[in-house]
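See below for the structure under consideration.
2 protein chains.
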Amino acid sequence: MTSAPSVESVNYQPPSWAAIVAAHARISARIHRTPVLTSASLDALAGARLFFKCENLQKTGSFKIRGASNAIFSLSNEEAARGIVTQSSGNHGAAVACAAAWRSVPAYIVMPRNAPKVKIQAIEAYGGKITFCEPKVSSRKESCDCVQAETGAVLVHPYDDDRIIAGQATAAKELLEDAGDLDAVFAPVSGGGLLSGTCLGAKGIRADTRVFGCEPERADDAYRSLTTGTLQSLESSDTIADGLRASLAPRTFAILRRHVDRILLVSEEEIISAARLVWERMKIIIEPSSAVAIAPLLKPGVVASLNLPKRADGGAPKLGVIFSGGNVDLSSLPWN
Amino acid sequence: MTSAPSVESVNYQPPSWAAIVAAHARISARIHRTPVLTSASLDALAGARLFFKCENLQKTGSFKIRGASNAIFSLSNEEAARGIVTQSSGNHGAAVACAAAWRSVPAYIVMPRNAPKVKIQAIEAYGGKITFCEPKVSSRKESCDCVQAETGAVLVHPYDDDRIIAGQATAAKELLEDAGDLDAVFAPVSGGGLLSGTCLGAKGIRADTRVFGCEPERADDAYRSLTTGTLQSLESSDTIADGLRASLAPRTFAILRRHVDRILLVSEEEIISAARLVWERMKIIIEPSSAVAIAPLLKPGVVASLNLPKRADGGAPKLGVIFSGGNVDLSSLPWN
């Protein structure tokens, strides 16, 4: 990704609140203001009042359209006309293809050979041109560089990009605007675009809101990066949460070090069982990556262990959960 | 159902607008105001602007909690204390069990032996006491009479009851309040409680809104009743839309004769393929009975054939679709 300027964590200035407000104004007529749903039975299991921001019901089936449309509609006409190139395990690719189609410019998508078929089809349906690569971070980068060199297209990195982070921040902004004084927000973490944006969006509305990242044990680079204080990589991963197989980048690592309270890890079994529970109780389709954000809250004792401050209203904690996407292959469900 | 007073269609006065407003005030703090979702890709398939009222995301997983809670919270303390009895293929039973639990009174539920396991479990989870009967209208009635005689409980019929119809009307009332000037609303029809309520609720907000009932070919009693002008029965049915196996009753027949424009029939294949399309594109779980309401709109030429008046804004027709419920067994999906 040679065109992304390198970032010195220590000097990096994350997107400002004004940039997030501008992003929201730029994209809000194009995307859904997704509903914030509640569930009495999940509240009872978690011992908390849960507010689910349903980005699985977002256009293209995930939050990724927020960042992609903000980035693509930020470009000048001259830049946009060269086309857009990116690499993605699926949802970012679909979002770039969709937003590029809205702007009537070509989208070149590099994606790993093992991406789910349903995500490949979605990109094709939006008119994206796909180049397959090996499912390794290094191969993705090389293929992306190569396509960029051939086409002259503008790179829109899936997360190491301020326009993307500002766009993703609008999900938490809406959640806090709609659900009020949340004590904490939980979001999945992969490359960290959503989680970085969640920090900025939530704390921009209510500074005291805590933010927790949720990550599969089998793809625990964010946990290791924040624990060791050094950016860790993840050369490959086989977690069922196929949207969470990327690693943090300089920008997202810098934001998370400053703003994230803790990373919570979950097992593959916990991911699958949380996904099924949400399908059954809430009647919405979430992909395994979304289930990662609720799975920790369903484990006995976890909510109490977060040491959230007592609420002035004396009630159970009010917790926001971001369901990141809903793109699954309905002919092969994890529990059948 | 001996306690339901018989109704002479010609003299019957359906619930007034004031009764519907009162029902809404009685139940709105207890239930979800369900979201109205849209989908650009389904709009393109239908050639219309579609507004989906998601009662699949309602408490108990269906609209039935609207009528059940209105009926049960309309009772005096003395009546309620005797308990509630009803018969139901599932969703009404769960709703009665849930609303009775909210009011801390017993619920006795008569349901057919072939009801889906997931619906039986839901009733048990709400503390309802189940009596199984044969899957025939006559057996349901006999078993219900029998339980009522034994317990002295108050009968809350699933649809031949003005309190139920007024409660179900609140779904269309909310839909029109939220989605504005809809040209028509589509709802599934079984016993006709939802469809009757949809007529009253939609036309109460906007008198010119047309209302269409949607029904499986394999359970076409409403179609035959409205075509012949005589109440037709349906002794048994094997449609996959397990919520639509009941027949119209005197009250609902009277309302539908006056207010419904037409009944649209759909095949089993059309129901299954519409359900899968909604799961895939909208990322929500609807049961087959819900899919019956969108299935006609996905058939080429159907929207044009409805002869809706041209809109003043010159745009495509604005159509409301009521997704009635989302209770399915996730371990046996119809397409796997």
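Those sequence lines, one after another, are chains A and B.
Residue 167 in the numbering used here sits at position 167 of the first sequence, with consecutive numbering throughout.
Convert by adding 1000 to the 1-based position in the second sequence; the result is the number in the numbering used here.
Yeah, the Cβ is synthetic: ideal placement off N, Cα and C, and Gly gets one too.
Only a predicted model underlies this, so the values are computations on that prediction, with no experimental measurement involved.
* To do: Going by DSSP, name the residue or residues bridged to leucine 1062 (chain B).
  => Your numbering for residue 1062 (chain B) matches position 62 in the second sequence. Residue 1062 (chain B) is actually serine in this sequence, not leucine. Paired residue(s): B:Gly1325.
* Asked: What's the gap between the Cα of arginine 1082 (chain B) and the Cα of proline 1106 (chain B)?
  -> The residue you call residue 1082 (chain B) lines up with position 82 of the second sequence. The residue you call residue 1106 (chain B) lines up with position 106 of the second sequence. Taking the straight line joining both Cα atoms gives about 8 Å.
* To do: Determine whether the Cβ of valine 321 (chain A) lies closer than 9 Å to any Cβ atom of chain B.
  => Locating residue 321 (chain A) in the first sequence gives position 321, counting from the first residue. Chain B contact via Cβ: absent.
* For glutamate 280 (chain A) and glutamine 1058 (chain B), the rounded distance between their alpha carbons -> Here the question's residue 1058 (chain B) lines up with position 58 in the second sequence. Here the question's residue 280 (chain A) lines up with position 280 in the first sequence. If I take the Cα positions, the gap works out to 13 Å.
* Asked: For isoleucine 31 (chain A), which option in A:Ala40, A:Ser16, A:Phe73 has the closest C-alpha, if you only look at C-alpha atoms?
  -> Start at 1 with the first residue of the first sequence, and residue 31 (chain A) comes out as number 31. The residue with the shortest Cα to Cα distance from isoleucine 31 (chain A) is A:Phe73.
* Residue from A:Ser39, A:Ile123, A:Val110, A:Arg26 whose Cα sits closest to the Cα of leucine 75 (chain A) -> Looking up residue 75 (chain A) in the first sequence gives position 75. Nearest C-alpha to leucine 75 (chain A): A:Arg26.
* To do: For arginine 66 (chain A), collect the residues of the same chain with a Cβ closer than 7 Å to its Cβ; drop the 5 residues on either side in sequence, then sort them by chain order.
  => To locate residue 66 (chain A), count along the first sequence from 1; it is residue 66. Around arginine 66 (chain A): Ile27, Ile31, Gly167, Gln168, Thr170, Ala171.
* To do: With DSSP as the reference, label arginine 210 (chain A) as helix, strand or coil.
  => By 1-based counting over the first sequence, the position of residue 210 (chain A) is 210. In the structure shown, arginine 210 (chain A) sits in a strand (DSSP, three-state: E or B).
* To do: Measure from the alpha carbon of glutamate 1174 (chain B) to the alpha carbon of each residue in B:Gly1204, B:Ala1219, B:Val1266, B:Tyr1012, then state which is nearest.
  => Counting from one through the second sequence, the residue named residue 1174 (chain B) turns up at place 174. The option with the nearest alpha carbon to glutamate 1174 (chain B) is B:Gly1204.
* Which ranges would you report for the alpha helix (DSSP H) in the stretch 115-150 of chain A if only whole runs of at least 4 residues count? -> 117-125
* Asked: Start and end of the beta strand (DSSP E) containing tyrosine 1108 (chain B)?
  -> Translated into the one-based positions of the second sequence, residue 1108 (chain B) becomes position 108. Counting along the chain, the beta strand (DSSP E) containing tyrosine 1108 (chain B) begins and ends at 1107-1112.
* Can you tell me where the alpha helix (DSSP H) with alanine 275 (chain A) in it begins and where it stops? -> Your numbering for residue 275 (chain A) matches position 275 in the first sequence. Residues 268-282.
* To do: Would you please state the rounded distance, in angstroms, between the beta carbons of isoleucine 1240 (chain B) and proline 1288 (chain B)? I believe it to be under 8 Å.
  => Taking the second sequence and counting its residues from 1, the one referred to as residue 1240 (chain B) is at position 240. Taking the second sequence and counting its residues from 1, the one referred to as residue 1288 (chain B) is at position 288. Right, their Cβ atoms sit about 5 Å apart.
* Would you say methionine 1 (chain A) reaches chain B, if we count a Cβ-Cβ gap shorter than 9 Å as a contact? -> On the first sequence, position 1 is the one that residue 1 (chain A) refers to. Note that methionine 1 (chain A) scores a pLDDT of 37, beneath 50, so its modelled location is shaky and nothing firm can be said.
* **Contacting residues, own chain, Cβ-Cβ under 7 Å from alanine 1274 (chain B) (five flanking each side not counted)** => If you number the second sequence from 1, residue 1274 (chain B) lands on position 274. Here the set comprises Ala1291, Ile1294, Ala1295, Leu1298.
* Cβ-Cβ separation, leucine 1231 (chain B) to alanine 1219 (chain B) (assumed contact under 8 Å), whole Å -> Along the second sequence, one-based indexing puts residue 1219 (chain B) at 219. Along the second sequence, one-based indexing puts residue 1231 (chain B) at 231. About 15 Å separates the two Cβ atoms, so there is no contact after all.
* To do: Quick one: grab the DSSP three-state call for threonine 1170 (chain B).
  => For the purposes of this step, residue 1170 (chain B) is identified with residue 170 of the second sequence, where counting begins at 1. Reduced to three states, the DSSP call for threonine 1170 (chain B) is helix.
* To do: Give the residues of chain B in contact with glutamate 280 (chain A), contact being defined as C-beta atoms less than 7 Å apart.
  => As a position in the first sequence, residue 280 (chain A) is number 280, starting the count at 1. Under the 7 Å cutoff, chain B gives Leu1330.
* To do: With a 10 Å radius around its C-beta and 16 neighbouring C-beta atoms as the bar for buried, classify threonine 1002 (chain B) as buried or exposed.
  => As a working mapping, residue 1002 (chain B) is identified with position 2 in the second sequence. Legend: pLDDT at threonine 1002 (chain B) = 35, less than 50; position of this residue unreliable, no value from coordinates given.
* Could one say the Cβ of serine 1283 (chain B) lies closer than 9 Å to chain A's Cβ atoms, at least one of them? -> Your numbering for residue 1283 (chain B) matches position 283 in the second sequence. As written in the sequence, residue 1283 (chain B) is lysine, which differs from the serine given in the question. Yes, contact with chain A.
* For glycine 315 (chain A), which residues of its own chain have a beta-carbon under 8 Å away from its beta-carbon, when the five flanking residues on both sides are left out? -> The count along the first sequence starts at 1 and reaches residue 315 (chain A) at position 315. If we look at glycine 315 (chain A) and ignore the five residues flanking it on each side, its Cβ neighbours are Arg49.
* On a CA-only basis, which of A:Leu333, A:Ala68, A:Leu319 is nearest aspartate 208 (chain A)? Give me that one, please. => Position 208 of the first sequence, counted from the start, is the residue given in the question as residue 208 (chain A). With distances taken between Cα atoms, aspartate 208 (chain A) lies closest to A:Leu319.
* To do: Evaluate proline 5 (chain A) with the Cβ neighbour count: other Cβ atoms within 10 Å of its Cβ, from every protein chain shown; 16 or more gives buried, anything less gives exposed.
  => What you label residue 5 (chain A) is simply residue 5 of the first sequence in a count that begins at 1. For proline 5 (chain A), the predicted model reports a pLDDT of 45, less than 50, meaning its position is unreliable; a value from the coordinates is still stated below. Counting Cβ neighbours within 10 Å, proline 5 (chain A) comes out exposed, since fewer than 16 surround it.
* **Selection of the stretch 25-44 of chain A by Cβ proximity to chain B, strictly under 8 Å** => His32, Pro35, Leu37, Thr38, Ala40
* 9 Å Cβ cut-off: residues of chain B touching leucine 57 (chain A) -> In the first sequence, counting from the first residue as 1, residue 57 (chain A) sits at position 57. Near leucine 57 (chain A) (Cβ distances below 9 Å), the residues of chain B are Pro1035, Leu1037, Met1282, Lys1283, Ile1284.
* Asked: Which two residues bound the contiguous beta strand (DSSP E) that contains leucine 50 (chain A)?
  -> Here residue 50 (chain A) refers to the residue found at position 50 of the first sequence. Element bounds for leucine 50 (chain A): 49-54.
* Cβ of leucine 333 (chain A) less than 9 Å from any chain B Cβ? -> Here residue 333 (chain A) refers to the residue found at position 333 of the first sequence. So yes, leucine 333 (chain A) belongs to the interface.
* Asked: Do leucine 264 (chain A) and leucine 256 (chain A) come within 9 Å of each other at the CB atom, strictly closer than that value?
  -> Against the first sequence, residue 256 (chain A) aligns to sequence position 256. Against the first sequence, residue 264 (chain A) aligns to sequence position 264. In this structure, leucine 264 (chain A) does not lie closer than 9 Å to leucine 256 (chain A) by Cβ.
* To do: Quick one: give me the first and last residue of the alpha helix (DSSP H) that alanine 1184 (chain B) is part of.
  => Along the second sequence, one-based indexing puts residue 1184 (chain B) at 184. It is not in any alpha helix (DSSP H) - alanine 1184 (chain B) instead sits in the beta strand (DSSP E) that spans 1184-1188.
* Residue-level contact to chain B via CB, valine 118 (chain A), 9 Å cutoff -> Position 118 of the first sequence, counting from 1, holds the residue named residue 118 (chain A). Yes, valine 118 (chain A) lies at the interface with chain B (some Cβ there is under 9 Å from its Cβ).
* Nearest-angstrom Cα separation, counted from valine 266 (chain A) out to tyrosine 1012 (chain B) -> Counting from one through the second sequence, the residue named residue 1012 (chain B) turns up at place 12. Counting from one through the first sequence, the residue named residue 266 (chain A) turns up at place 266. Approximately 59 Å between the Cα atoms of the pair.
* Asked: Who are the near neighbours of tryptophan 335 (chain A) in its chain, counting only those whose CB is closer than 7 Å to its CB and skipping five residues on each side?
  -> Translated into positions along the first sequence, residue 335 (chain A) becomes position 335. Within the same chain, tryptophan 335 (chain A) has close Cβ partners Ile272, Arg276.
* Which term fits glutamine 148 (chain A), buried or exposed, when burial requires 16 or more other beta carbons within 10 angstroms of its beta carbon? -> As a first step, residue 148 (chain A) is located in the first sequence; it is residue number 148 there, counting from the start. With 16 or more other Cβ atoms within 10 Å, it is buried.
* To do: Verify whether the separation of the beta carbon atoms of proline 116 (chain A) and aspartate 242 (chain A) is less than 9 Å.
  => For the purposes of this step, residue 116 (chain A) is taken as residue 116 along the first sequence, with counting starting at 1. For the purposes of this step, residue 242 (chain A) is taken as residue 242 along the first sequence, with counting starting at 1. Contact: yes.
* Asked: Hey, is arginine 1276 (chain B)'s beta-carbon within less than 9 Å of any beta-carbon in chain A?
  -> Within the second sequence, residue 1276 (chain B) is the residue found at index 276, counting from 1. Closer than 9 Å: yes.
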